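Residue numbers (the working numbering), protein chains in the order written: chain A, 169 to 484; chain B, 169 to 484.
All C-beta atoms in this analysis are idealised placements derived from N, C-alpha and C, irrespective of residue type, glycine included.
Since the structure is predicted, the reported quantities are computational estimates derived from the model, not experimental observations.
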């Protein structure tokens, strides 16, 4: 067995981790409840206990480093700073990891980890300039420039989800107005459905479902059946995502956008239309050049992303 | 006399050029009409003739390279591609320069040249991550990431002026709708004045001036006198610029924005207000960090920018 990274993806509900080789093979993998109300030390102590179990079989000297993807994780400071879904406050996560695992450790946020995963193991392998957009409950992004992740001066670059698309627009959970993730995300899609039910008089199966029970999966299934509100909700989502991709593209000139996360599974409703709107909002010398692609990581992209982070750093 | 670069800034009306040393001193300088309807070869032949004159005194072997800032100039291809204000079509400018001056040559667009000028000789000297915004007839920008200009995959990165701020908004000269430069530029300011004269019923000296005669300087002077329409036009400009700076900042996490160009001279009406709106549109972990600064190049920033381009390349 080759050398490996312990790669950890910290989620609000579950934390997934595995041992990942340099070529992106996951040797062993497990998931435990995060227990968001407990401390960070508690979580990583439990992971340290888990990886002593038989399925992991860590051999002396084979574990080279730890890579972690976590909300609000700052690559530069090594700290997780007040993550919205975890009761950790601000903690020095890299120190906790080194204390627990006795190897070098790096951390970054989930979307940045995804971008590094695509760069090393996924759909970004053939590109030096691309942008990963994670379309889940919210919208995250990671920007790769000349083969390197763009961290920027504060370590938090790539917050496409909070770029303002309409400053008279929807209230966002961050306190601002008109943030892209209030429109282009699983929750944004549901908000669009609600607005459209008010604006339009067309019949829709969605009118018989309480707001709280509408999910992006339901909207997707109804759209495939031809429901007009569901179809228009996807078109509107693609429109705003297309405008935003054009905006980001004219600033950074990428070769491709890579869409991942749950909502990106609705590819037949989202990819072509987003591309159409992106092209409409590009100036001439950017048109016809930029690809829109699905993730190239089949299983466990979040764990592979965290692994990619550590592999990139350890090979410098 | 030290070694120097022949630095050339090609404008729609005049072309300015000079000899610039490594520390940003301009030894000799001249300006000739561009004659936009003639060819590129014609222009650079005339410059070659000019620099044989006494004031330039080019000594054998002292001219190391040529750097050119020109509209639609592509650093990668060495070509100028259909510049909107010049009748050149697409020309291989680097080849023309090498044929004419027999030294290495590099080209880029005006805003990128400005960014490199600030990086080497101006307000960007102390930063590794910043964005230069040129506020003239239009709006250009150049993005510096980790001490390097961001060209992106096609060489055209940094087109902040055509990022869409309102997709139901004003028609832009590029054919699209709602581009930032339709609002935040000398012409954009005048368009805002016209819109506000329609929307408001307040008295204003601007109501007695034909649209064609309203300039950004006039609006600036009236604003200083307290004219309500002129003041509101500047506030609106600052608002949209602030939102856009926040958007760009959350993507690239710069240390500073540097505003240059004619409209940036209205600093007392633009800088503080832009900063206020930028802060309002940033998420928490970006607030209170990003400076808004005037250009640090006192004389001839365009020529210094073109020189910076060549100095950076020749020193690689």
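Are the CB atoms of residue j and residue i within a distance shorter than 9 Å?
i	j	result
residue 234(A)	residue 174(A)	yes
residue 331(A)	residue 348(A)	yes
residue 295(B)	residue 191(B)	no
residue 308(A)	residue 179(A)	no
residue 416(B)	residue 328(B)	yes
residue 421(B)	residue 323(A)	yes
residue 398(A)	residue 361(A)	yes
residue 302(B)	residue 254(B)	no
residue 471(B)	residue 185(B)	yes
residue 457(A)	residue 406(A)	no
residue 390(A)	residue 367(A)	no
residue 304(A)	residue 431(A)	yes
In three-state terms, what does DSSP make of residue i?
i	result
residue 272(B)	coil
residue 266(B)	helix
residue 344(B)	coil
residue 254(A)	coil
residue 469(A)	helix
residue 220(B)	coil
residue 296(B)	coil
residue 373(B)	helix
residue 241(A)	strand
residue 352(A)	coil
residue 286(B)	helix
residue 450(A)	coil
residue 391(A)	helix
Going by DSSP, what residues sit across from residue i in a beta bridge?
i	result
residue 359(A)	The partner list for residue 359(A) (beta bridge, DSSP) is empty, contrary to what the question assumes.
residue 513(B)	Since the first residue shown for chain B is 169 and the last is 484, residue 513(B) is missing from the structure and cannot be characterised.
residue 247(B)	260(B)
residue 302(A)	308(A), 428(A)
residue 233(B)	173(B)
residue 313(A)	316(A)
residue 460(B)	425(B)
residue 178(A)	183(A)
residue 339(A)	345(A)
residue 332(B)	347(B)
Can you check which of these residues, the options, is closest to residue i by C-alpha distance?
i	options	result
residue 452(B)	243(A), 185(A), 325(A)	325(A)
residue 418(A)	241(A), 372(A), 395(A), 447(A)	447(A)
residue 218(A)	433(A), 200(A), 303(A)	200(A)
residue 196(A)	481(A), 384(A), 475(A), 482(A)	475(A)
residue 244(B)	321(B), 185(B), 281(B)	321(B)
residue 319(B)	410(B), 426(B), 275(B), 292(B)	275(B)
residue 425(B)	291(B), 229(B), 176(B), 240(B)	291(B)
residue 480(A)	170(A), 253(A), 286(A)	286(A)
residue 468(A)	172(A), 187(A), 171(A), 356(A)	187(A)
residue 312(B)	371(B), 189(B), 280(B)	280(B)
residue 445(A)	208(A), 460(A), 434(A)	460(A)
residue 220(A)	269(A), 194(A), 354(A)	269(A)
residue 409(B)	299(B), 278(B), 181(B)	299(B)
Closest Cβ-Cβ distance between residue i and chain B: below 9 Å?
i	result
residue 273(A)	no
residue 430(A)	no
residue 295(A)	yes
residue 419(A)	yes
residue 328(A)	yes
residue 414(A)	yes
residue 481(A)	no
residue 309(A)	yes
residue 334(A)	yes
residue 331(A)	yes
residue 411(A)	yes
residue 253(A)	no
Is the Cβ of residue i closer than 9 Å to any Cβ of chain A?
i	result
residue 286(B)	no
residue 405(B)	no
residue 283(B)	no
residue 423(B)	yes
residue 320(B)	yes
residue 376(B)	no
residue 452(B)	yes
residue 291(B)	no
residue 233(B)	no
residue 402(B)	no
residue 323(B)	yes
residue 448(B)	yes
residue 457(B)	yes
residue 249(B)	yes
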